[in-house]
Amino acid sequence: MERHARPEPSGGVRARRLIAGVLVALLVAALVAGLAAPVAARNRSAPAYAAPGSYAAGVTTLDLPDRKVEVWYPAPEKVVAKAAPDRFDVVPKAPAGIRAFLPAGATATYETDAYRDIPAATRRGGFPLVLMAHGFSGYREQLAYLGAHLASWGFVVASPDITERGLAAALGSPPAAPVDDVTTMRATEALLRAESARKGGPLQGRVRADGVAVTGHSAGGGTALRFGTEPGVVTAIPISASGVNTAAGTTLAFPPVPVLFVTGAAEQIVPLASVQQGFAAARTPVRLVVIDDAGHADIGGVCPVGGAGGLVGVARAASLPVPDNLARLATDGCTTPATDPDPSWGPVKHSVTAQLREAFGIDKKPVGLDQATMDRFAPVGVRVQERR
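Position one of the sequence shown corresponds to residue 87 (the numbering used here), numbered consecutively onward.
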């Protein structure tokens, strides 16, 4: 009996299957991270800012004319006694043409450490404002682990969908009227200040009038450095980002404010050498925190994923091809089996919180940004450098 070769799919179908494979990888990352094992017991010897602060974390979603903004804010601990942690679903963020390649009814929910629309805590003068930017193929909730943590320490954190480089754009559906990222961050700051001034609003009086900080992961770290030149910025914190275009041999115009670089020693997407170049080129004062064995995906909140072959293995098991470069992006720094929380998150939370507290004058001198303190994260190795 003669065998006939199976017809090859058309170029358009191949392309859609390819990006569907990427989507499945991203969805599995969100799903498994959300359903992972309970949070590990606190390391009592770890620096204090690695643990949650004295507030619960509330979360709400605000609207700009062309995109949404996720906002984490401090809330009284007592209001969460009967509340359930917030979840979000990544599937609706994908274009309809890509969702067609997923199993019917597919969802990928992620459970966070925040609680949806609970009453905000009050403080005379409000809480300091932090803007947060996601990276390529990301979405506003991507750094929820850090946003909720900062809210517990008394910060209001606002993270817009940067749709021009978000998940839908990466999957072939860019916005019709793109806006540059710094403009988006300006609009986000203005929105939060307007909400704080709006009489009767849930965030009325919750945003401190003076100063703003900015952080971001990967491409969002570049956003943080560019926005760092804006008036009123007190610090810029690029995570897994360098501000250096190695191929072109150029650097960004670094902001005239304190900068904290946070990265992983095992980073393959933005190599440590590139971040060290940024550290050397940035204006002083500048700090660099390097987390041993950490890579791009774990610091970015993608790990843990679990299972044979991780999230890319799941995508390929479904016969959905994943390009090698995106496979590296999705797995860089992940371990098998993965852990939750990821070992890199403690040093990230601590370092960012300490930098913000110093920049806003909450701590009159830096707390915990020295090598002796970082050594307390053992067995996770963390190194810190500073130029003044």
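Where is the CB? At the ideal position from N, CA and C, for every residue including glycine.
### Query
What are the boundary residues of the beta strand (DSSP E) that includes S304?
Segment: none, S304 is in no beta strand (DSSP E) and carries neither H nor E.
### Message
How far does the beta strand (DSSP E) with L455 in it extend, from its first residue to its last?
### Response
Premise fails: L455 is in no beta strand (DSSP E) and is neither H nor E.
#### Entry: Uninterrupted beta strand (DSSP E) stretches inside the stretch 330-365 (no shorter than 3 residues)
345-350
### Query
What do you reckon, are the CB atoms on S546 and R272 nearer than 9 Å?
Residue 546 cannot be examined here, being either before or after the span of the chain that is shown, 87 to 474.
### Task
Specify, as a first and last residue, the run of the beta strand (DSSP E) that V470 falls within.
468-473
### Task
Over the uninterrupted beta strand (DSSP E) stretch that includes Y196, give me the two end residues.
195-197
### Task
Within 10 angstroms of the Cβ of E163, are there 16 or more other Cβ atoms? Answer buried if so, exposed if not.
exposed
### Query
Mind checking whether P160 and R312 have CB atoms under 9 Å apart?
no
### Beta-carbon contacts of V375 that lie in its chain and below 6 Å, excluding the five residues immediately before and after
V348, S437, V470
### Task
Can you grab the Cα-Cα spacing for the pair R440 / L455, in whole Å?
In the sequence as presented, Arg is not what sits at residue 440; that position holds Ala. Whole-angstrom Cα-Cα distance: 7 Å.
### Query
Going by Cα to Cα distance, which pick from Q228, T249, P433 is closest to P465?
P433
### Message
Can you tell me which residues form a DSSP beta bridge with T55?
### Response
Here the chain covers residues 87 to 474 and nothing more, so residue 55 does not appear.
### Query
Would DSSP call R373 helix, strand or coil?
strand
### Query
In its own chain, which residues sit with a C-beta less than 7 Å from the C-beta of G467, not counting the 5 before and 5 after it?
D378
#### Entry: Own chain partners of Q363 with C-beta closer than 7 Å, once the 5 adjacent residues on each side are dropped
S328, V330
### Query
Does the beta-carbon distance from G306 to H220 come in below 9 Å?
yes
#### Entry: Continuous beta strand (DSSP E) assignments of at least 3 residues falling wholly in the stretch 214-262
215-219, 242-246
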